[in-house]
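Residues in the first sequence are numbered from 133 upward in steps of one, following our numbering.
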Amino acid sequence: MPELPEVEVTRRAVAPRLVGRRIAHVRTTAPSYFFLTPPARLKKALTGRSVVRLDRHGKYLVALLDDDTRLLLHLGMTGQLFAAGARSVRLLSAERRSTLGPDAQPAFRPDAHTHLTLEFADGPPALYFRDIRKFGKCAWLRRGETDARLDKLGVDALVATGAELHAAALRRSTPIKSLLLEQSVIAGIGNIYADEALFFAKIRPTRVARRVTRVECAAIVRAARRVLERAIVRGGSSIDDFVRPDGSDGQYQTERKVYAREGEPCSRCKTPIERVVIGQRSAHYCPSCQR
DNA sequence: ACCGCACCCTGAGCGC
DNA sequence: TGCGCTCAGGGTGCGG
């Protein structure tokens, strides 16, 4: 589940492998939901270009090209952006995994889920964008072209303030967790880090947003920033599909306090962690610590 | 404007 | 062994 930390870890690792290199060949899979810009057009737009800069906006990566057009990428749920040479069982189907020994570190070979391949004029390594479920997105924007997805984004979670969250929470009857997941309010927080931030802020995810005080909003935003920054340092969370661009796992999942820990004792008070569904998504919290 | 829900997609894990 | 069901959650878009 790539959220802000996973996207930022990806950005930092991919930028030096991408910026300044001329794209010589582009390979894609067939047109699909994944391609907001049809693959044929994408190939034409990218071939011969080089990337000037790689930025992150919330969970989006935006590559500025040398002709002032932009390539917009979103990792969705199962998106993986990595360099040729990366070795990880997370880059393989379970079927292929089962044929290998427990310690195997097989080299990646492009498969049907590898929707975008960039090969460079100066030679390998190529960059791959793989996404099993195709919830990821790939779009090319012309010079000066705006994009509603980017324009709608709220303040980035790393620089958000409690006052901004509080202003958004006023008069809202949705659960505070749902508000945290709204990218138009604060950009970058997803299901894992929303649960973790609310744990540190000691706020129950089900609490109606307008019932969260200004002081509590400040605590939530502070906790979110702390959790996100720590997760970046640890290379993100590798729970299901996420791998770093060099194929290694992130390590933040080992520091999770509540996410996917239903029934396990709270690290603070030993009360079993509970799970509820909020807005079609599972939410995890300590019923004793979080009020 | 807001809120809850259906939907896009594939693979893992489960029960029968 | 294998089928069919449920679940996972990033985001969008719809109806009430």
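We put the beta carbon where it would ideally sit given N, CA and C, even for glycine.
Classification of residue i by the beta-carbon crowding that lies within 10 angstroms, buried from 16 upward
i      : result
Gln412 : exposed
Asp327 : buried
Ala239 : exposed
Ala295 : exposed
Glu138 : buried
Arg241 : exposed
Gly255 : exposed
Arg388 : buried
Val183 : buried
Ala363 : buried
Straight-line gap, residue i to residue j (C-alpha atoms, nearest Å)
i      : j      : result
Arg342 : Ser305 : 6 Å
Ser380 : Gln212 : 12 Å
Phe166 : Ala292 : 30 Å
Ile321 : Gly367 : 16 Å
Val146 : Glu394 : 35 Å
Arg154 : Phe267 : 28 Å
Leu302 : Pro134 : 29 Å
Lys402 : Leu285 : 38 Å
Thr207 : Asp263 : Residue identity check: residue 207 is Leu in the sequence provided, not Thr. Going from the Cα of Leu207 to the Cα of Asp263 covers about 7 Å.
Tyr260 : His247 : 8 Å
Glu361 : Phe332 : 14 Å
Thr161 : Cys398 : 45 Å
Glu251 : Ala258 : 5 Å
Ile371 : Arg229 : 17 Å
Gly382 : Val344 : 32 Å
Pro163 : Val221 : 27 Å
Gln237 : Gly276 : 44 Å
Pro148 : Glu348 : 39 Å
Leu186 : Thr231 : 37 Å
Val365 : Val287 : 21 Å
Glu396 : Tyr384 : 18 Å
Thr278 : Arg358 : 32 Å
Val390 : Asp243 : 35 Å
Arg376 : Asn323 : 19 Å
Ser310 : Arg354 : 18 Å
Tyr325 : Thr386 : 13 Å
Inter-residue CB distance, residue i and residue j (contact presumed, cutoff 8 Å)
i      : j      : result
Ala156 : Ala253 : 4 Å
Leu204 : Thr142 : Not confirmed; about 14 Å, so no contact.
Leu150 : Ala195 : 7 Å
Tyr126 : Leu330 : Because residue 126 is not part of the residues shown, which for the chain are 133 to 423, the question remains open.
Arg188 : Glu140 : 6 Å
Ala319 : Ala289 : 6 Å
Leu136 : Gly190 : 7 Å
Arg407 : Ala415 : 7 Å
Ile335 : Leu297 : Not a contact, Cβ separation roughly 11 Å.
Pro337 : Ile410 : 6 Å
Pick from the options that is closest to residue i, judged by C-alpha positions
i      : options                        : result
Ala218 : Ala351, Asp378, Leu232, Ile364 : Asp378
Ala158 : Thr249, Val365, Leu168, Val317 : Before going on, a small fix: residue 158 reads as Val here, not Ala. Minimum Cα distance to Val158 is reached at Thr249.
Asp283 : His298, Ser316, Thr403, Ser310 : Ser316
Ala215 : Thr345, Glu135, Ile308, Arg144 : Arg144
Arg339 : Val365, Ile308, Arg358         : Ile308
Asp198 : Ser414, Thr169, Gly152, Arg229 : Gly152
Ala392 : Gly382, Arg376, Ser369         : Ser369
Ala280 : Val359, Ile364, Pro397, Leu168 : Leu168
Ala299 : Ala258, Gly276, Arg346, Glu277 : Arg346
Arg265 : Ser220, Leu232, Val221, Met209 : Met209
Ala177 : Asp200, Ala244, Arg228         : Asp200
Arg400 : Ser420, Tyr384, Thr386, Gln385 : Ser420
His245 : Ser310, Asp373, Ile324         : Asp373
Within 8 Å, do at least three Cβ pairs link the stretch 169-188 to the stretch 260-274?
The stretch 260-274 vs the stretch 169-188: in contact.
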